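What follows is one structure encoded as structure tokens, with my remarks underneath.
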Amino acid sequence: MTSVTVQSRVNPKLKMQAEALFAAIGLSTADAIRIFLQQAVNEGGLPFRPTLVKQPNTQTLVTIEEPEEGGGKRYSNAQEPGDNLGS
-6 MTSVTVQSRV NPKLKMQAEA LFAAIGLSTA DAIRIFLQQA VNEGGLPFRP
44 TLVKQPNTQT LVTIEEPEEG GGKRYSNAQE PGDNLGS
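Numbering-wise (our numbering), the sequence shown opens with residue -6 and increments by one.
See below:
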């Protein structure tokens, strides 16, 4: 099967950040783009849900809900958590 070249203009900082991320998980930028395109075809649309506001991940949501459910540690002032770091 022959292949074609896909070109896109992106901010140099974004490209560098993306390349570092992909390299950390063992992918080249070209591999990541191929995966993205294949997933878009598999899903019949974008392989993620675009939003205007960043959504918290699962761990953040659990952490936010913990005090509301009676869990977590409570402090009486802002200095107290730092005082307990060494213990």
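Glycine is no exception: its CB is placed at the ideal position from the N, C-alpha and C atoms. A quick note: this is a predicted structure, and the numbers were derived from the prediction, not measured.
Quick one: residues in its chain with C-beta nearer than 8 Å to the C-beta of Ile57, no 5 flanking neighbours on either side, listed in chain order? Pro49
Assuming the contact rule is C-beta atoms closer than 8 Å, Ala25 and Phe15 should be a hit. Round their C-beta distance to whole Å, please. 5 Å
Using 9 Å as the threshold, is the C-beta distance between Glu12 and Thr22 below it? yes
Proximal residues to Ala68 (C-beta, below 7 Å), its chain only, five neighbours per side dropped: As written in the sequence, residue 68 is Tyr, which differs from the Ala given in the question. Closer than 7 Å at Cβ, skipping near neighbours: Pro74.
Rounding to the nearest angstrom, what Cα-Cα distance links Leu39 and Met(-6) in this structure? 25 Å
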